Every structure is written in structure tokens, then in C-alpha cells.
Amino acid sequence: MIGGRRGAAGVVALAIAAVVVASQVAPDRVPFGVVLQGAILGTGTGLLAVGLVLTYRATRAINFAYGAIGGVGAALAVGLHLGHGLPWALAVPLAVAVGVAVGGAVERLVIRRFREAPRLVLTVATIGLAQLLGGVELLIPQLLGTNSLVGGFETPLNRIHLSVDPIILTGNDLLIVAVVPAVLAALSWFLLRTEAGMAIRGIAENADRARLLGIPVGRLSLLVWLVAGGFAALTVTLTAPGSGLTIDAAAGATLLLPALAAAVVADLESLPTAFVVGVGLGVVDQVVRWNVDKQATETVVFLAVIMVALLVRHRRTSRVDADLSSWSIASGARPIAAALRALPEVRVTRIVAGLAVIAAALLVPAMASPSQLDQASIWLIYGLVAVSLVVLTGWGGTVSLGQMGIVGVGALVAGNLISRWNVDLFLALTGGAVAGGLVALLVGLPALRVRGLFLAVTTLAFAVAVDSFFLNPANFRTLMFEDFERPVLWQRFDLRSERSLYLVCLGVLVLTLLLVQGLRRARSGRALIAVRDNQRAAAAIAVPTVRTRLFGFVVAGVIAGVAGALHATVLRSIGFHTYETSLSLLVFSMAVIGGLGSLGGALSGVAFVELAGYLFPRLQLIITGVGMLFVLLIIPGGIAEAAERLRDRILALLARRHGIDLTRAADASTAEPAGIPIAIADDAGAPAALLRCQGVDAGYGSLQVLFGCDLAVAEGEILALLGTNGAGKSTLLRAVAGLLETTAGRVEFDGAAVHGDTERLAARGLALMPGGRGVFPGLSVAENLRLACWLLRSDRAATTAATERNLELFPALRQRISIRAGELSGGEQQMLSLAMALATSPRMLCIDELSLGLAPAVVGQLVETVRGIHRSGTTVVVVEQSVDVALQLAGRAVFLEKGHVRFSGPTAELTHRPDLLRAVFLGRRDDGAGAGHEEAEAAPARGIRLECHGLTRRFGGIVAVDGVDLAVEPGEVVGLIGHNGAGKTTLFDVVTGFLEAQGGRVVLGGHDITDRAPHRRAIAGLGRSFQEARLFPSLTVDEAISVALERHLANRDPIAAALRLPASTDAEASAAVRVDELVTALGLRVYRDTLCGELSTGTRRVVELACVLAQDPAVVLLDEPSAGMAQRETEALAGLLRTVREQTGCSMLVIEHDMALLSSLCDRLVALELGAVIAEGTPDAVLHDPRVVASYLGGGRSDSNGAGPNGSAELRGSPRVGTPGSVV
């Protein structure tokens, strides 16, 4: 990412240097005065870009309303100045004040309400804001009685002149030179030198960590939006005297374009880069204007800059940014159950409803006037564009804000074919379709090859360039056509008749709907939705994700091109602003309001918005903006979702009437884990609890993690919270700290209920040291420690004392005080994280994974530190996987397994419960672990060997995978074990291509696949499951399994699918047979029409295995296949995995924390610690290897009486450091 940003910024820097040199070498072509004027205007662009980057870093969403935020204040100030004589010296501060107010209102009323929403949804919300604020901006001239189009105007500063040949600069230009650098200097001082500024930088990197330190994230986010709103208004107002002020629906997008280009070059991260690039773009803009005799050439320059920046940008390989580019709320209609579909009432209702819609559409020509028919035809064309957005955004998960630009290209091509060469209408439609598809391919390729929100930016830039430059008669008059004769269709239908033209538009729309439905029901539609729902899982089953997303955009471009051809036929001419950018935003709003996941919903959205515009033309933008925000907040599926809810209520009544049971099998994941009796100590007579959890349920989306957890911690106590990875330990701490809302139960701290207010909890004395992400990596160690003292910031002496105390506690940090935290080693980052949690001397300290990924020597230092903290009076809760570490610290322990409390009591009792420790950490001894298992008749091995040679992967200063050598032989089942942070999932990600290997090779079947993309590794025979088992929430079980057949489909041709040709239907029929075999074999028939997102975790795991069977890989990597499953489901899992092995003959590499499962399933185990292999061999040998036992249960020293340093007894038989041994 950094390399990409530096590369793009380097291109711009070279361009600026070239311009400066050219001004000396060729002063006539590049006059110095023009360069200077460009730099001055570019400071405004740079300031806007800085504001965009600020809001992006605060929200991780692109603010497309930014131009409109500045436009409201500028429109009011300029209107009052020109129309009512308000002095310019007062108008400018007024504009800034209004911009600040609008920015604050936007954050309070809109942005904050989308805090938990996916970032793409928030980005779309800013499009609704742009519509709303654009409508407000249009009302201002009407209310003030002024013009909406304001050219350059004079202010008192015009009396000041400075001649720099060939340009005359005025006082207005000099004011920009004076104000903008001063504003930026103040911003730099604020961000770098003040606690609030550092906190804003920290929030941009790790908002949850900031909340845990008591930093008011909400208030500081508001401050960011206040500042950004002021910047936007200041920029627009200061540039208005020279550049003018256009107040219309498209003004915000045009104003935003150069700033967007600068922000994209800066990767939406670097403020200095964004400003410098903005200045450079201003220079390039003015030089191009000086040398090119065409209007709006700068829009093409900005489009080119964005596309080049994306082309040189590296692809992201992080696991944490999947949310950024997926439109995950447009899931489409839930299928009607088969039993209900067969009811006569349902069949008749569907037929009658369809006939009613057709009749209404056909009655329009008989009832409407010619002008109304023209308008109706345009509505149908907008419906086509909305259908294209359903394919692209609703099914493909990416956003285009430039569909009307593609419509314009299609109109230009088709109009010229008809007017100049008298081409048949259908050939003209074909020409428009081809043009639209090619444009989509060229525009989409740079944006879709990288993750993020960049297609929206690129298409917006394209729409502005098409409207302002390419379809500008002043630039290309010969390409424009005027008032051509509409052709006669098939020598029978005269399209000069509005009635005939309406019917043609209706017919094309119906045909498009049928073709698109054909795509949706076949492989192409399933793959699009799969990539949208879960890009990593789709790639793991051989779906080419980039190509699939690009295919979706090309299909959308083809449909938009056809719409353009029809639009040109209706209008018979096109001209300047026929396809202005605001229309793209308007049609997108229509689709969102109607429901992006539904074709019928999108069309209903077009009808609703167009009817609203017809009845209230002045308020159309406001109506669409408010409508979008309402839909996103209340009914994300739009009108279609509202209709579906009504439909489901009626169907439920019908089901009860006919005695049809629509319920599914109960989710067994809430079952109590079996095997070891639960041991809960009686706490009668115990002191009052400082922390109490009662019946706590919590989870992430549809994945429930905690089930009725009870926990009490007395003041002054030190408690160990134990359990394997996935047991729910960290989730419980997040619920305690207010970072995760509980779905049931109650959490109390110091007698008061916890309701998610993390900042107030920190102020009340609860501190959490989070596992893995406890620092602000982009800030220095000194800045991290300073932010940790946020609650002490009003007391400088206390802040200094706390920092000095931490540096004495951790001397290594003093030596690296100026180093960025992300460059520290893993141990140093843990020290810094712990120091930050201790800064304010909390009453209770919760430590999540103290020994995570650390060497024993470092762990020993931290253990001593925590003991000292406890002796000073702090209550401590330690989450650990290392039993020995926990027992050295704690007087009491609580064990969690699969979200349930299985043991609670004094640590002394654990000395008598080695069975419990081995059951939780190393598997039960009475289940045949290590004894092998009965071999069933299996398919022959596939003869493909997986090899890893010296694989290495680092994250900053942390080595996650350290020179791993590993081999999985044909037909072999290998288990991969290790505590949390050992590097297991990271190794899987490197092997399957989701993370780039920074050293070493991956070899499959003798072929080096290290540089192959994930889907190409899947094609080669490498399969993969994922720990979270999300699958594809918007696909049914049948569809999800069908997607997994990607490698084996006989026909993938989208044209054959759309036309339902035999090649496609036969391939789909064969796939359906295989899917039916799998759902029958695995007992999934009752779920086959159920959306995956509605399944229990255990059932999703079974569906995931069905997908593995469908994919039929030679080697499959399974990442915690029992995670989230109930005990009885886990016990059945081994049989299912053997079924996979027997039917496919595949090899398996399995990550699992259920040692009994692994021991009964695997031929070999490989143990990892700190990213390196520490043991390898048979399950029994590895589980008794001293290094493995020490890794899981830890090793420590005891005093002479057998008690740990905290007075807690050590586990009898646990190995000491350097002493071989195992738990027996």
C-alpha cells in the first residue's frame, strides 16, 4: 500500500518538476505566471483533499458529500454578498461558520448512526447526503432572490493587483496564498502537538484502543467533521471570486473531483501527500488549460491521474479490510418455501400480480398524452439503468456513480449510427451495448484490481469528464447530432410515434429483465453474489474474484449502453449537460430506495422518485437524499424489503391455515458442552464483586460466542480466565469493557450496569489490555504513552509521573521512545500495551493474552510486572492459554469452552484435575487419542503433495510465520496445533495466497505456486475453509454448493446462461444433480432453500464440508472446523471429515483446538510456536512432546512448598523450564 502511494505520488512529483523545468525551457508554453496561478488554485484543491483524507481516516468511508458541505456555506455567503450587500470580510467567516455547522450536523445526525455499518454502506449514505445538501444548496438562491449561476465577481480585494506575466493576480489570489498555508500550519500543529490531535491520529488507526483509554471517540470524530466542513466552505468561498460559483445538482461532484484525485494518489491516508498532490494538480490543470483549446480538459486530466494512481497501487493482502468494498445489505428476496409455492393461492396470486403489472404497462399508451409517453419512455430507460445497478451493486457489491456517463457514451455511438448512417435500431442498440461494455472494461479494470471503494471514485470522475469534456459541443461539435429522424422498425413500426417508441422501450426493458434473471439463476449470478458476500471464500473455491467483479461491471455497462441508445432515440439529439453527473447520483438513489438486491424493487424505486420529482420538482433532490438515508437506516433493502416483510406475514398466515410447519431444526450450538462435569465453586460469603457477569450471551452477527456466562471478580482478586482459542475469553472481555453489546444477560462494574460506554468505564477505573492490537502502530512510543494518559491530561505533573513510572517499569521502551510502535518487536509491543493500560492506575486491569506470541523470557518479565501491579492493589483478570502462566499469577481460575463456563474455583483444585486441563488443552485421555482410528474404505490418494519451504511472513516488527518447512503427503491427514498467536491461520493464508509470502516457497504437486493468485491455487487443487464459517449469507444452501462446483462446470458462458441455451441449461442440470446428491448424503435437504446467513453455526459447518466435497480438491486446508459447534456436533464432525477424505481421496491439513478430534483423525501432528515448527510426529508423540506441553500448559518454577509465587499451587506434573515431562 505504501509502495503504491509512493509510486503514484512520485509520478505527480515528476510531473510537477517537469512543469517547473518546462517553464524555464519553454516559457511560451509553460509561463511562470500560469504555473504560479495553478499553484495558488491548487492550494485550495489540496485543502479540500486534506479534508477528504481527514474524514476518511475518521470513518474509513469516502465522503462524497464533501463538496456539497462546502457549497451550502459558500452559496449562502456569496448570495448575501452579491444580492444583499453583505461585506466580503463578513461573508467569508459566515461561510466558514456555516460549513462548520453543516459538518457537525452531518456527523451528529448521520455519520454517528452508521458507526457500526459496513464502510461501503456509510459511503453510500454520503451520496444521499450529497443529494440532500445539493437540494438545500439549490433552494438558497430562490430564498435569497439571487442567481444560481454566479461567474467571477469583484470584491474589495480586486483593487490589489500583482502582474506575473501573463497573469494578473488579485488580492483574492493573495488571500488564498496567505490563508491556506496558515490554516494548514495550524492543522499540523494541532495534529502533532496537542493531545486532541494525537488522539485523532490514534483513533484513525485503532478506534477501539482509543475508547479503552478513555478517549472520547465520538467527540473527536465530531471535531474532525467540524474542521473538515470549515475547510470545504473556506476553499469554495475563497476560490469563488476568481472561478465563480455554480449552484446546481452537479456542482458538488465537479468541485470534489480534483480533491478526490489528490486523495486517491495519497491513498486516502497521508495528509501532506494529499496537499502536495493537490497543489501539483492545480499547476497541471492551469498549464493544460493554457495549451489546450478545449473546455474542461482538466476533468480528463483528473480522471487519468486517478486511473494511473490505481494502476500503480499494490493490491492489499490484509485480512482486515474485507468490509471496505462489499455491499452486504442487498441480499435480495428470501425464497418462498417449496410447500408454500405449491399452494393454489400462492400460484394464482403470482400469476395475477404479473398480469396486473403487464396490463398497467400496456394501458399507459392508451391513457397518456404524447409528452407524457415521452416521459414514460425515459422512466423505462432509467429503469434499465437501475437494472444495471442491481447487477453491479446489488449482486456484485461494488458502487458506480457514473452510470449516466456510460449511458451518454451509448447514446453518442447509437445516435451517430442512426443519424449519419441510417443504421437499423437494433444495430444501433448493439453499438451502444458494445460501447458501454468497452467503457466499463477500461474504467473498471484499474479500480477493481484493488480492494476498496475506488470504483465509485473512478466512475464519478468518468461521469464528470464525459459530461464536461467528451459530450461538450464546444469540444467535439462534429460528434454531436441534432434532431434526427427516428427509424421505422421492421418497416412496420414508425418510431416517430411516441406510442411505438414507448412499446419498444418497454419491450427492451422486459427482455433485459429476462436475460438478467437468466444470469442470476446460473453460474454467473451465483458467482457475483458469492464474491460480494465473501471474497476470500469465493477465491478459495476457484472463483476468479477480480474477473467476476469486472464481468459484473461489463454487464452493467452493456445494459447502460443499451439504455443510452434508447435515450438518444427518444431525445433525437444530445448536448451539453444532457448526461450531467447529478443524474448518475439520482439513478443510484432510485435503485437504493427501491432495493438494490431486487430487480422489481429497483424499478419501484425509479417510479417512486420520478413520481416525487413530477409532483415536487424543486424538492426532488431533497426527497431522494432523505429517502436514501431513511432506507439505509430503517429498511436497508428498500421498498423491496418492505414488500417482502408484508409477503412473509401473509405467507405465515397461509402456512398456519394449511398446517405447514416452516420452522427449521433448532440451533444446537447452545447445547452445553459434554464430557467433563462442570465445576463451579460456591461463592457464598465471598466479598462483594467489583465485576459481575450474569447470564451473558454475546456474539458477532449470526455467530453466537457466549452462552449464559456467569462471572464474579472481587476487588483485590487476581483471576485467570482460561480456555482454548475460540472458547470466548476475549469476547467476554470485550463485553465487559463495553466494546461488544451483549444480546442477553447483564454486566456490572462497581455496582453499575455496563451499557457499551467504554470511555466512561475507563474513567471509572476499568482498563483492558487488548490482545494483538494494543498499540497505535503509526505513532511513536512517546505518543502512545502520552495518549495513555488522556484521563490525566489536565494534570501535567501526573501525566509526567505516570509516563516516567512506565518507563522505569519497562526500560526497553525508554531506549525506543522515538520509534514508531509498529516497528517494535512483539514483546516490546506487549510491554507498551501493558504500560498504556497501567498509565492511569486502574482499579481493575483486564489482560487479554499476556503471553501472546512471546518468548518465555519476555513472558517471565511480564509475569513479574503483573504481580507487582496486583500487589499495589489493582484487581487483575488475565486471559491466558498458557496454564502455567495463569497459575503463577492467579488465586482463582475460570475455564471456558465453546462459550460456556466449565470450571470456576481456586487454582489449588486444578492440581487435582489434570483430566480437565488435558481435556481442554490437549484432549481427553479416555477417547482413544493417539491410538489411531478404524480405517474405512477410501478413494485412492490423488498423488499430489503439498510442500512449504522456509515460509516467512512479518507484520511490522512481529514475525508471524518464521521459516516454516512443512509437507503433506498424498492422502495424509495432518493436524496443525499451537496456541493463539502461534501463526497457524497466517500460515494458511500464506499457503492459499491471501497473504504474500515474504520468504520461502509453496509447492503443490511439484509446481511452485508461490506467486499464483488464490483462485489459481484452488484451480490447481488446493481447497480451503475458514474459521468464521460465513460462507455466502445471501445464497441458499443449494446455491452455495453450486458455487463450489466452479472447477467442474461444463459451461460457464454468461451469454448461454442469459439466453438459456442448452449448453448452459445442461451444465446447470448436471450441477443440480451433484448438489442433490450432496445435500442428501449430508442430511441438508430440509435446508436446501434456506439462506446460509440464517443457518446455525453447526449447520453452516456441514454446508462448508459439502462445498469441499463439491470442489473436490486434492489438498484441503481446514481452519478450526469445529469452531462454534456444540459438543455433539463436534463429535459427529470426525465422521464427516472422514467422509470427505474417503469420497475425494484428498489430503488434509487441519487447524483444530479439539485435541481429541485431531488425535482420532490425523496421521501426524505439527506444532507451531511463535510462528516456527517446534514438534512433528504421530499425535501421541506430539501431544507428549515436552516442548508442546510447555507451549500449552507453560513451564515455570515453584518454591519449596509447591506453591506458585502468588500462593497458588502449581499443576502437579507440569514440566519445569528445561525439564522434560508431560501431563499425565
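In our numbering, the protein residues as written are 36 to 1259. Glycine residues also receive a C-beta, built at the ideal position from the N, C-alpha and C atoms. The model shown is predicted, which means the values in this text are computed figures rather than measured ones.
Asked: To the nearest angstrom, how far is the alpha carbon of R228 from that of L222?; Found: 10 Å
Asked: Could you tell me if D1147 is buried or exposed, where buried requires 16 or more neighbouring beta carbons within 10 angstroms of its beta carbon?; Found: buried
Asked: Compare the Cα-Cα distances from L546 to each of P652, V434 and I416 and report the closest residue.; Found: I416
Asked: Identify the continuous alpha helix (DSSP H) that holds I854 and give its terminal residues.; Found: I854 -> no alpha helix (DSSP H), and no H or E assigned at all.
Asked: Where do the N-terminal and C-terminal ends of the alpha helix (DSSP H) with Q2 fall, by residue?; Found: Summary: the structure shown does not reach residue 2, with the chain confined to residues 36 through 1259, and so no result is reported for it.
Asked: Between G642 and Q655, is the Cβ-Cβ spacing less than 9 Å?; Found: According to the sequence as given, residue 642 is Ala; it is not Gly. Not in contact: A642 and Q655 (Cβ atoms no closer than 9 Å).
Asked: Where does F990 fall in DSSP's three states?; Found: strand
Asked: What are the boundary residues of the alpha helix (DSSP H) that F586 is part of?; Found: T580 to L606
Asked: Straight-line CA distance for A96 to G751?; Found: 43 Å
Asked: Are the Cβ atoms of A84 and G313 separated by less than 9 Å?; Found: yes
Asked: Of all the options L506, P276 and V300, which has the alpha carbon lying nearest to the alpha carbon of T332?; Found: L506
Asked: How is P400 classed by DSSP in three states: helix, strand or coil?; Found: helix
Asked: Can you give the Cα-Cα distance for G786 and R727, rounded to whole angstroms?; Found: 8 Å
Asked: Take T281 as the anchor and find which of L378, V107, T190 and A220 has the nearest alpha-carbon.; Found: V107
Asked: Quick check on G813: does DSSP put it in helix, strand or coil?; Found: coil
Asked: In three-state terms, what does DSSP make of G1187?; Found: Checking the sequence shown, residue 1187 turns out to be Glu, not Gly. Note: E1187 maps to coil in three-state DSSP.
Asked: Measuring straight from C-alpha to C-alpha, what distance separates L247 and V911?; Found: 16 Å
Asked: For D962, which residues of its own chain have a beta-carbon under 6 Å away from its beta-carbon, when the five flanking residues on both sides are left out?; Found: Note that D962 scores a pLDDT of 41, beneath 50, so its modelled location is shaky; the value from the coordinates is reported in the next line. The answer, listed in chain order, is A1191.
Asked: What residue does the beta strand (DSSP E) around Q1033 start on, and which one ends it?; Found: Looking at the DSSP string, Q1033 is not in any beta strand (DSSP E), and its letter there is neither H nor E.
Asked: Please tell me whether V1268 and A112 are closer than 9 Å, where the distance is taken between their beta carbons.; Found: Since the first and last residues shown for the chain are 36 and 1259, residue 1268 lies out of range.
Asked: Note down, in chain order, each residue of its chain lying with its Cβ closer than 8 Å to the Cβ of L480, except the 5 sequence neighbours on either side.; Found: L585
Asked: Tell me where the alpha helix (DSSP H) around S1077 begins and ends.; Found: V1072 to V1078
Asked: If we require 4 or more residues per run, which alpha helix (DSSP H) segments fall completely within the segment 1133–1217?; Found: 1162–1179 and 1190–1196
Asked: For the beta strand (DSSP E) that P941 lies in, which residues bound it at each end?; Found: H935 to P941
Asked: Count the other C-beta atoms from every protein chain shown that fall within 10 angstroms of the C-beta of P400, then say buried if there are 16 or more, exposed otherwise.; Found: buried
Asked: Return the CA-CA distance between T659 and R154, expressed in angstroms with no decimal places.; Found: 21 Å
Asked: For K329, count the other beta carbons within 10 Å of its own beta carbon; 16 or more makes it buried, fewer makes it exposed. Which is it?; Found: exposed
Asked: Classify A52 as buried or exposed, calling it buried when 16 or more other Cβ atoms lie within 10 Å of its own Cβ.; Found: exposed
Asked: Which residue's Cα is closest to the Cα of L1168: R348, A832, D1220 and G1133?; Found: G1133
Asked: Can you look up Y1260 in the DSSP assignment and give me helix, strand or coil?; Found: Since the first residue shown for the chain is 36 and the last is 1259, residue 1260 is missing from the structure and cannot be characterised.
Asked: Under a Cβ-count criterion, where at least 16 other Cβ atoms within 10 Å of its own Cβ denotes burial, should R831 be classed as buried or exposed?; Found: exposed
Asked: According to DSSP, simplified to helix, strand and coil, what is A52?; Found: helix
Asked: Assign R692 to one of two classes, buried (16 or more other C-beta atoms within 10 Å of its C-beta) or exposed (fewer than that).; Found: exposed
Asked: Note down the Cα distance separating V340 from L544, rounded to an integer number of angstroms.; Found: 36 Å
Asked: With DSSP run on the structure shown, which of helix, strand or coil describes M871?; Found: helix
Asked: Under three-state DSSP, which class holds V731?; Found: strand
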